[in-house]
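Enquirer: Before anything else, here's the structure in question.
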């Protein structure tokens with residue numbers, strides 16, 4: 001974890017500078033279409049009944065690679081810059097941003113859990129909670145590993161090509177594209193057209209702006225990767241393993257959406273303030289050369 005907060009923040013945002021020239025809307029739509037099409041292609045054998053339902057979940061990690069595969073195609077064809085920069089693969093000393101992102105996730109999850117308990121959720125038996133808690137960390141590592149393909153695509157390539165539009169627009173594009181890409185996952189739910197499906201998609205849309213803001217302030221895709229993994233492990237433990245909601249509780253879901261969006265806006269504003277503090281061209285910043293300050 002980085003201890004020199006101001007110095008670290010000053011270097012992160014500008015190291016992650018946008019690629020030039022700015023892309024067209026056709027390019028952005030083409031990327032989303034390719035990533036989504038590849039995802040549908042991977043999931044198709046399960047949707048068409050060509051493989052057993054028990055084996056279908058094994059396709060999910062493969063499907064999670066499709067945003068990265070689509071990004072690599074666009075990097076190769078368009079050649080707008082270095083893949084490492086376009087996919088935001090630099091670590092940028094962003095350990096503290098990753099820890100902060102997971103911490104915010106846990107606070108939001110705790111707020112939702114407490115509100116749910118106050119609204120009548122039933123606590124699960126202590127033995128069940130402890131058993132679930134014992135596997136949270138291994139699941140976090142596993143889910144973060146699986147998330148690399150998604151994040152290098154959505155918060156890597158796509159954000160590199162849309163960040164010039166400003167945070168609100170870039171976040172909206174990320175949320176829409178990520179939600180659209182997740183539609184094939186509804187085929188794994190008992191009822192694709194249900195309250196559970198709607199809550200699932202709305203949750204995805206609410207997480208995207210925070211992941212976008214986290215990528216922007218850190219200058220790296222790795223903090224979003226870890227938070228993505230935590231969404232699928234830590235958050236699931238907090239909201240499903242500790243208590244039984246009895247189904248979709250829209251009051252608690254709405255609280256989560258508001259808190260995620262609020263956290264995204266506050267984080268993005270923090271990143272904007274840090275960027276304004278950067279020195280003018282020609283002055284060195286530790287960890288950066290003059291060519292990266294634009």
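In UniProt numbering, the protein residues as written are 1 to 294.
Glycine residues also receive a C-beta, built at the ideal position from the N, C-alpha and C atoms.
1) Tell me whether the beta-carbon of residue 255 lies closer than 9 Å to the beta-carbon of residue 115.
2) State the Cα-Cα distance for the pair residue 238 and residue 163, rounded to the nearest angstrom.
3) By how many angstroms is the C-alpha of residue 38 removed from the C-alpha of residue 28?
4) Which class does residue 88 belong to by DSSP, given the choice of helix, strand or coil?
5) Taking the straight line between their C-alpha atoms, what separation do you get for residue 226 and residue 87?
6) Who pairs with residue 244 in a beta bridge, going by DSSP?
7) Near residue 279, what residues of its chain come up, given a Cβ to Cβ distance below 6 Å and the 5 sequence neighbours on each side ignored?
8) Measure from the alpha carbon of residue 120 to the alpha carbon of each residue in 243, 263, 154, 257, then state which is nearest.
9) What three-state label does DSSP hand residue 50 in the structure shown?
10) Does the region 257-271 come within contact of the region 200-208, defined as at least 3 CB pairs closer than 8 Å?
11) Leaving aside the five residues before and after residue 178 along the sequence, list all residues of the same chain whose C-beta is less than 7 Å from its C-beta, in chain order.
12) Could you check what DSSP says for residue 153 in three-state terms: helix, strand or coil?
13) Just how far apart, CA to CA, sit residue 83 and residue 41?
14) Counting beta carbon pairs with one atom in the region 210-230 and one in the region 96-103, are three or more of them shorter than 8 Å?
15) Roughly how many angstroms separate the alpha carbons of residue 169 and residue 148, rounded to a whole number?
16) Starting from the N-terminal side, write out each stretch of the alpha helix (DSSP H) that is 4 residues or longer and does not extend beyond the region 32-77.
17) Can you tell me whether residue 22 is buried or exposed, with buried defined as 16 or more other CB within 10 angstroms of its CB?
18) Judging by CA-CA distance, which residue of 65, 247, 59, 202 is the nearest neighbour of residue 258?
19) Quick check: what's the CA-CA separation for residue 60 versus residue 141?
20) With a threshold of 6 Å on Cβ separation, who are the neighbours of residue 295 within its own chain once the five nearest residues in sequence on each side are excluded?
21) Could you give the first and the last residue of the continuous alpha helix (DSSP H) run that contains residue 197?
22) With residue 188 as the anchor, note down where its alpha helix (DSSP H) starts and where it stops.
23) Is residue 74 buried or exposed, if buried means 16 or more other CB atoms sit within 10 Å of its CB?
24) If you follow the alpha helix (DSSP H) that residue 227 is in, where does it begin and where does it stop?
25) Considering residue 24, what are the terminal residues of the alpha helix (DSSP H) in which it resides?
26) Measuring straight from C-alpha to C-alpha, what distance separates residue 229 and residue 108?
27) Which class does residue 94 belong to by DSSP, given the choice of helix, strand or coil?
28) Using only alpha-carbon positions, find the residue among 36, 130, 250, 160 that is nearest to residue 70.
29) Mapping the DSSP letters down to three states, classify residue 272 as helix, strand or coil.
30) Nearest-angstrom Cα distance between residue 46 and residue 241?
Expert: Once the coordinates are examined:
1) For residue 255 and residue 115, yes; Cβs fall inside 9 Å.
2) Cα-Cα distance, rounded: 32 Å.
3) The alpha-carbon atoms of residue 28 and residue 38 are separated by roughly 16 Å.
4) DSSP, reduced to helix, strand and coil, places residue 88 outside both helices and strands of the structure shown, so it counts as coil.
5) One C-alpha to the other measures close to 15 Å.
6) In the DSSP assignment, residue 244 forms a beta bridge with 122.
7) The pLDDT assigned to residue 279 is 40, lower than 50, so where the model puts this residue is not dependable; a value taken from the coordinates is nonetheless given after this. The answer is none, since no qualifying residue turns up.
8) For the residues 243, 263, 154, 257, the minimum Cα distance to residue 120 belongs to 243.
9) In this structure, residue 50 counts as coil in the three-state DSSP scheme.
10) Proximity of the region 257-271 to the region 200-208 meets the contact definition, three or more beta-carbon pairs being nearer than 8 Å.
11) Contacts found: 154, 204, 208.
12) The answer is helix: DSSP assigns residue 153 an H, G or I state.
13) Whole-angstrom Cα-Cα distance: 25 Å.
14) In short, these stretches touch, since the Cβ pair count reaches three.
15) The alpha-carbon atoms of residue 169 and residue 148 are separated by roughly 23 Å.
16) Segments of the alpha helix (DSSP H) lying fully in the region 32-77: 60-63.
17) Exposed, because fewer than 16 other Cβ atoms sit within 10 Å of the Cβ of residue 22.
18) If we check each option's Cα against that of residue 258, 202 comes out closest.
19) Straight through space, the alpha carbons of residue 141 and residue 60 are spaced by roughly 16 Å.
20) Outside the shown range of the chain, which is 1 to 294, sits residue 295, and nothing can be said about it.
21) Note, residue 197: alpha helix (DSSP H), 195-218.
22) Note, residue 188: premise wrong, no alpha helix (DSSP H); not H, not E.
23) Under this definition residue 74 is a buried residue.
24) Counting along the chain, the unbroken alpha helix (DSSP H) around residue 227 starts and ends at 222-231.
25) Looking at the DSSP string, residue 24 is not in any alpha helix (DSSP H), and its letter there is neither H nor E.
26) Using only the alpha carbons, I get a separation of about 15 Å.
27) Residue 94 falls in the coil class under three-state DSSP.
28) Of the residues 36, 130, 250, 160, the one whose Cα lies closest to the Cα of residue 70 is 36.
29) DSSP places residue 272 in helix when its eight states are reduced to three.
30) Straight-line Cα distance between these residues: approximately 28 Å.
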